[in-house]
Structure formats: structure tokens, C-alpha cells
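Chemist: Take this structure, written in C-alpha cells, and hold onto it; I'll ask about it next.
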Amino acid sequence: MNSRNQSYIIYLLLFVAIIVMVVYNFSQRGTTSEVSINQLAEDIKQGRVSKIEENENRLRVVYKDLTEAISTKEADATLVEQLLHLGVTQEQLHPNNISIIIKPPSPWLGVITALGYILPFLILIGAFFFIFRQAQGTNNAAMSFGKSRARMFTGDHPTVTFADVAGVDEAKEELKEVVEFLREPQKFIALGARIPKGVLLVGPPGTGKTLLAKAVSGEAGVPFFSISGSEFVEMFVGVGASRVRDLFDQAKRHSPCIVFVDEIDAVGRQRGAGLGGSHDEREQTLNQLLVEMDGFDTDTNIIIMAATNRPDILDPALLRPGRFDRRVVLDRPDVRGREAILRVHVKGKPLDSDVDLSILARATPGFVGADLENLVNEAAILAARRNRKSISMAEFEEAIERVIAGPERKSRLISQEEKRIIAYHEAGHAVVMNALPEADPVQKVSIIARGMAAGYTLSLPQEDRTLMPRKKLIAEMVGLLGGRAAEELVFDDITSGAGNDLERVTQLARTMVTRLGMSEELGPMVYGQKEELIFLGREIAEQRDYSEAVAEQIDREVRRLVNEAYQKARQLLIQYRDKLDAVAQRLLEVETLSREEFEAIFPPPVPKHSGIPSMVSNN
Ligand code: ADP
Ligand code: MG
Ligand code: ZN
Numbered sequence: 008m009n010s011r012n013q014s015y016i017i018y019l020l021l022f023v024a025i026i027v028m029v030v031y032n033f034s035q036r037g038t039t040s041e042v043s044i045n046q047l048a049e050d051i052k053q054g055r056v057s058k059i060e061e062n063e064n065r066l067r068v069v070y071k072d073l074t075e076a077i078s079t080k081e082a083d084a085t086l087v088e089q090l091l092h093l094g095v096t097q098e099q100l101h102p103n104n105i106s107i108i109i110k111p112p113s114p115w116l117g118v119i120t121a122l123g124y125i126l127p128f129l130i131l132i133g134a135f136f137f138i139f140r141q142a143q144g145t146n147n148a149a150m151s152f153g154k155s156r157a158r159m160f161t162g163d164h165p166t167v168t169f170a171d172v173a174g175v176d177e178a179k180e181e182l183k184e185v186v187e188f189l190r191e192p193q194k195f196i197a198l199g200a201r202i203p204k205g206v207l208l209v210g211p212p213g214t215g216k217t218l219l220a221k222a223v224s225g226e227a228g229v230p231f232f233s234i235s236g237s238e239f240v241e242m243f244v245g246v247g248a249s250r251v252r253d254l255f256d257q258a259k260r261h262s263p264c265i266v267f268v269d270e271i272d273a274v275g276r277q278r279g280a281g282l283g284g285s286h287d288e289r290e291q292t293l294n295q296l297l298v299e300m301d302g303f304d305t306d307t308n309i310i311i312m313a314a315t316n317r318p319d320i321l322d323p324a325l326l327r328p329g330r331f332d333r334r335v336v337l338d339r340p341d342v343r344g345r346e347a348i349l350r351v352h353v354k355g356k357p358l359d360s361d362v363d364l365s366i367l368a369r370a371t372p373g374f375v376g377a378d379l380e381n382l383v384n385e386a387a388i389l390a391a392r393r394n395r396k397s398i399s400m401a402e403f404e405e406a407i408e409r410v411i412a413g414p415e416r417k418s419r420l421i422s423q424e425e426k427r428i429i430a431y432h433e434a435g436h437a438v439v440m441n442a443l444p445e446a447d448p449v450q451k452v453s454i455i456a457r458g459m460a461a462g463y464t465l466s467l468p469q470e471d472r473t474l475m476p477r478k479k480l481i482a483e484m485v486g487l488l489g490g491r492a493a494e495e496l497v498f499d500d501i502t503s504g505a506g507n508d509l510e511r512v513t514q515l516a517r518t519m520v521t522r523l524g525m526s527e528e529l530g531p532m533v534y535g536q537k538e539e540l541i542f543l544g545r546e547i548a549e550q551r552d553y554s555e556a557v558a559e560q561i562d563r564e565v566r567r568l569v570n571e572a573y574q575k576a577r578q579l580l581i582q583y584r585d586k587l588d589a590v591a592q593r594l595l596e597v598e599t600l601s602r603e604e605f606e607a608i609f610p611p612p613v614p615k616h617s618g619i620p621s622m623v624s625n626n
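Numbering (our numbering), first residue to last: 8 to 626.
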């Protein structure tokens, strides 16, 4: 029973109570007048009464003139006794003169009267119960402690199929085997094939892991039990383990079926490493999960699917053969994948003829499925707000910027002086990036505030990259420092606006030195071991495995890289000072420059090609 049912019952009780009260009142009241018992006796003596109906102690009196009245007799004597007592004669009560009808007590009246007494208590108890249950908290664990709260989706009406998942063809290919097995287990069993028990879906958030798992059950047409890893772990010790047991009991009754554990890292972290309060509970849960997975025979046709974006922190025991031994990797989609995903999500939405999904796909590197869905939705919202009948390319372009950097904040008030600084800062980024042959072309420069940034410069790489050459990383650092360098050059002072740039530059330089082996002095080595601190959740701590002397050397190298990049930026800005002034001036006039407008002012010294945005350099 959940809390919705409870409040429903409360309402029902209240409703019944009201009805009962109304009925009860009506049964007592009438349009007729009330006469006292001695008045009634008097009327009988005068021969005016023709009929008396007795019902319990209530009397309905009908007079010879056909008027009616009601009266009440004393409870502990019969009507006749009372009337005789009041001086009415036997003669006057003779059936010829008056008919006295005694009705048996109505069962309803008794019930209604009783209800009138009981109901208030019932309502009180109900309300008390309700409040008590509410106080149990949202997890509502009081009555269903160890029950798994897996939601079952039966395969009868598959809402999601493989057609709804795009851009992950390899993953789909691997999962087709699972689908086939679930459809016709006998075919595989006859050949003695051992079918994977566990399939682990691995990929960054939003790449469609949950979606794909649903699609598998939709394709196979089998029941699908879905539970999220965090639901196993609650505040009561032992609940997680018994939920696992219950989940598998349910699943066995519905086999063949799929059990899907979403976000399995919540329970599946390495054991023995946590210092947090709930880790014992988590370990028990994980142990139970392992026991259950080992427990079923080859003919228990249950396939367990699990999803995580942190396979690195999973307990090795989960990954050994016989458990989650299949791994299906969902990567961030490439250009073609993104186009396919966009196609899935624009289905059923009216598009302008100018919309070219391949251009949009190229303009959204790094976007995952969830981002692309969001993008299409934002574009549709924009189109609706502009009262358009269909979504045009302009809305999609605006939506991309929204998804990357948050909505434009035109309303923010900035002083003229501040605006000038922001304009030079962004122009500095843009001019430096444009002047460096290795840097990506500038796609857009703007001094309109977006999200947290006061302005932004968008640059576009030619294609999706997996490898970053050293020169390009340096160019990126120089570009990031262009804003600060311009401020210093033009205003002879610097502002806090470059904080985010500096953070990223420092991070980049440190990564180059310690992780990528890109410093001559320190050589191709990795310094420091990444280690996860489980009690801090996602926090990563660096385990130092080098000496104090090396630490100093690293710091020196990082500082050298950043300083060199800064000098380079400064030097470029001095060289192209006229362009810097022109771009900043133009920005103050029109606030936003497209690539064409920007390159009209400052044609790239080295030709660049059109491409796709990858970096937003915020002020
Ligand atoms: P994950 O579980 O990997 O974090 P989800 O499966 O919850 O991601 O994806 C969130 C949403 O993003 C989905 O409901 C879907 O609309 C969209 N999406 C993600 N990946 C894809 C894809 N490959 N094809 C189509 N839509 C996708
Ligand atoms: Mg998910
Ligand atoms: Zn900046």
C-alpha cells in the first residue's frame, strides 16, 4: 500500500461520513411538526388521531384531517402503556378508532446510528495512520523492507526498439545475440552453448545505456525488470541484500527475462576500500548479487544487464567470467552517429526545408544522445516561442549555443567600461586563435552574456579528434590566454574575468607535463597515480609517487609552459594590434560576430577550413 492509496482511503472515509450524516439528519427531520407525548394522548382522547406508526421510539402520527406529526415515546415503556398511563382509555385505543402500527427496527437505522458513533474514530485512526506512514519518509520502507522495488515492464508492448537507438551499431550488433537467445533459448541450449549471464553496458552518461537495455527487452519481447543500483542501498542494514534476493525470485518466476541494474557502480564498487558509513551494507548487497548470479543454472533463462559510466571502479569479482563477462561499450557518437540520433529525435517534428542534419551533426562534436535530444527539444521550444509552424536552421543553431553555454542573458546590465574590457578580452581570444596556424578557426565571438560567462569565443576544429598533437595543445593554451593578454596590453590592468581561462590553462599544462609526457625536461613518464577516494564519492586524489625534487621540477615546467604561452599570446596581439582594436570596436557595435564577419576584419594569416565547434572559451 503506498501513500497515494492511503490518502485515497481517507477521502473515501470522509465522503462516507458526510453521506451518513446527511442521511441520518434527514431521517430524523421532516417537514412535519413535532408533538409531545402528552399532547398526543390529549389528541387521542379527543378522537382526532387516526393512525400511529411506531418505529423504535419515534412515532409518526397521522390525524383524521390528514395532517401528520412526529413524536417520541419514552424508551423503557411500550407506547400503549404510556398512553394508558396518560389517561387514554382502552376504548379510545380500540382498532376501530385508531390503528397502531409497530414497525420492526430498521436494520439501516441501527447501522447508520452505529456509524455515526464509529466514524469519527475511524477517521481519526485513518488520519493517524496516514501521518505515521508519511513520517516514514519518502522511501516508504516500513512495510516493504526487503522487497525489491524493481519495475517490471512486460514485453507485450515494447515501447522501445533498436530503431529508437541510433549511432551505436556495434553495441546493437552484440546485443542482437542476447535478443536471439531470449527469443529462442532452446536453440542455444541444444548445442550446449553457454549464454552470457551478464552484459555490462559501459559508456559516458547520456549515451543511451538505459535506452539500449530497454530496447533489448522490447526486441526480445520478454519481461524487463529494471532497478537502479542506488535503490539497493538504503538506510536499513540488510535491505539491499534482501532486495537482491527478492528481485531474483521475481525474475525466476518470469523467465526468460531481463534484469537490468542501472548505475551498478552504486553497489558494485570495489569492496574493502570504502570508509563511508554504508559500505558494509553495500558489500553485503554486492555479495548477494554475486551469489545470485552464480546461483542460476544454465537453463535459468535470465540475462542480467547492467549499466555504468565507471567501469574502472567496479569490483573485479563482478567482471570475471560467468558474471558480467560481456562488455558492450557505448562511445560518444561520431559525426554519422550524431546525424542518425538527430534523425531519430526529429521524427514527427515539422522541419523547415533548410534544415540539414549533417551540418548540425558536424556542429555538435562531443554531444551525446541525451544532449542531441535536448538540442532538438530546445529548437522546438524556440520555434514555438517564435510562433513558427516549423523548426528552421536558425533555431537549431541557437539551440546548439544554448546547450553548450546556456541561454543568452541580454538583460544583464554592464557598464560601458566593463563592456569595453569584455570586448577586448574576447577579441584577444579570437585574434590569437586566428593568428595561430594550429588553432581551430574562430566560429563566433560574442560579448552577450551566456550562462555564467560574460562573453564567449567559439572555435571550430576541422573534424572530431582523438589525438591531440602537442603543438595543438600549446595553441589552445595560447588562445585561452589571449583574453588576459589583451586586457593587460590595452588597459594596463587585468581583471578577474580570466579566472576560468587560467584554470583551464593550468590544468592543461599540468596534464601535458604529468600525464602526457610532453615536457622535454621530465621526459615521457607519468607522474602521480590517480586514486579514487571512495568516501568522497567522485573525488579523485593524486597519489604522489615522486620525490619533492621532481615535484618542484613539475611546478617549474608547468609554469614555464604557461608563461611561454602567455608571452606568445602577448606577442601575437602586439603584432596584430590593429586587428585587435578593429574586432573589439566591431564587437562593441554589434555584440556578436559570425565567422564570416570576423574574418572580413581579420582574414586568417594561414587559411583554415570550416569545421565543428569544440571549445567555448569563456571570458
Ligand atoms: P544513459 O543511461 O547512458 O545515461 P539514457 O539511455 O538515459 O543514457 O539516454 C537519455 C536519453 O537520451 C534517451 O532517453 C534518449 O532519448 C537519448 N539518447 C541517448 N542515446 C541515444 C541514442 N544512441 N539514440 C537515440 N537517442 C538517444
Ligand atoms: Mg542511464
Ligand atoms: Zn576568456
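For each residue, glycine too, the CB sits at the ideal point set by N, CA and C. Nothing here was measured: the structure is a model prediction, and the numbers come from that model.
#1: Only counting the same chain, and skipping five residues up and downstream in sequence, which positions put a Cβ closer than 6 Å to that of M400?
#2: Just checking D508 against the ligand ZN - is the residue's beta carbon closer than 7 Å to any of the ligand's heavy atoms?
#3: Let me check understanding here. Comparing Cα to Cα, which of V565, A273, I366 lies closest to R289?
#4: Using only the alpha-carbon positions, how far apart do L219 and A248 sit?
#5: Suppose you measure from the CA of E604 to the CA of F403; what does that come to, to the nearest Å?
#6: Say yes only if the C-beta of L382 is nearer than 7 Å to one or more non-hydrogen atoms of the ligand ADP, and no if none qualify.
#7: On a Cα-Cα basis, can you pick out the residue from P340, R339, P323, L66 that is closest to D332?
#8: Which stretch, first to last residue, makes up the alpha helix (DSSP H) that contains R602?
#9: Give me the DSSP bridge partner(s) of N294.
#10: Per DSSP, what kind of secondary structure is V452 in: helix, strand or coil?
#11: Looking at the structure shown, is I388 part of a helix, part of a strand, or coil, going by DSSP?
#12: So, are the CB atoms of S233 and N308 less than 8 Å apart?
#13: Any heavy atom of the ligand MG closer than 7 Å to the Cβ of T217?
#14: Taking the Cβ atom as the reference point for each residue, do G174 and R330 lie within a distance shorter than 8 Å?
#15: Does D272 come out as helix, strand or coil in the three-state DSSP assignment?
#16: Pick helix, strand or coil for N147, following the three-state DSSP scheme.
#17: Taking M312 as part of the alpha helix (DSSP H), name the residues at either end of that continuous run.
#18: Do you know offhand how far S554's Cα is from T292's?
#19: Using only CA atoms, which one of M440, E445, R393, K479 lies nearest to T464?
#20: Determine, using beta carbons only, whether I411 and E433 come nearer to each other than 8 Å.
#21: So does G275 have its beta carbon nearer than 7 Å to some heavy atom of the ligand ZN?
#22: Do L20 and G133 have their C-beta atoms closer together than 8 Å?
#23: Please state whether the Cβ-Cβ distance between L594 and V452 is less than 8 Å.
#24: With the cut-off set at 8 Å, would you say A370 and G205 are in Cβ contact?
#25: Run through DSSP, which three-state label would V627 get?
#26: Quick one: what's got a C-beta closer than 7 Å to F195's C-beta in the same chain, skipping five residues either side?
#27: Quick one: is V512 buried, meaning 16 or more other Cβ sit within 10 Å of its Cβ, or exposed?
#28: What's the call for T85, buried or exposed, on a 16-neighbour Cβ count within 10 Å?
#29: Measuring from the CB of T464, is there a heavy atom of the ligand ADP at a distance below 7 Å?
#30: Exposed or buried, which one is T315 when buried takes at least 16 other CB atoms within 10 Å?
#31: Using a C-beta cutoff of 8 Å, does E346 count as contacting chain C?
#32: Hey, which unbroken runs of the beta strand (DSSP E) at 3 residues or more fall wholly within the region 45 to 80?
#33: Should D272 be listed as close to the ligand MG, given that the test is whether its C-beta is under 7 Å from any heavy atom?
#34: Consider the C-beta atom of A434 and the heavy atoms of the ligand ZN; say whether any pair is separated by less than 7 Å.
Modeler: On the basis of the data shown:
#1: D361, V362
#2: yes
#3: Here the closest residue by C-alpha is A273.
#4: 27 Å
#5: 20 Å
#6: no
#7: Closest in C-alpha terms to D332, from the list P340, R339, P323, L66, comes P323.
#8: Note, R602: alpha helix (DSSP H), 602 to 608.
#9: Paired residue(s): none; N294 is not in a bridge.
#10: Three-state result, V452: strand.
#11: DSSP, read as helix, strand or coil, puts I388 in helix.
#12: If you check the CB distance, S233 and N308 do not come in under 8 Å.
#13: yes
#14: no
#15: helix
#16: Below a pLDDT of 50, predicted positions are generally treated as unreliable, and N147, at 46, falls in that range; the measurement from the model is reported next regardless. For N147, the three-state secondary structure derived from DSSP is coil.
#17: Counted as a single uninterrupted DSSP element, the stretch harbouring M312 is not any alpha helix (DSSP H) but the beta strand (DSSP E) occupying residues 309 to 315.
#18: 41 Å
#19: M440
#20: no
#21: The answer is no for G275.
#22: yes
#23: yes
#24: no
#25: What is shown of the chain runs 8 to 626, which leaves residue 627 out entirely.
#26: F188, I202
#27: buried
#28: exposed
#29: no
#30: Counting Cβ neighbours within 10 Å, T315 comes out buried, since at least 16 surround it.
#31: Among the chains of the structure shown, chain C does not appear; only one protein chain is present.
#32: 56 to 62, 65 to 70, 75 to 79
#33: No, the beta carbon of D272 sits no closer than 7 Å to any heavy atom of the ligand MG.
#34: no
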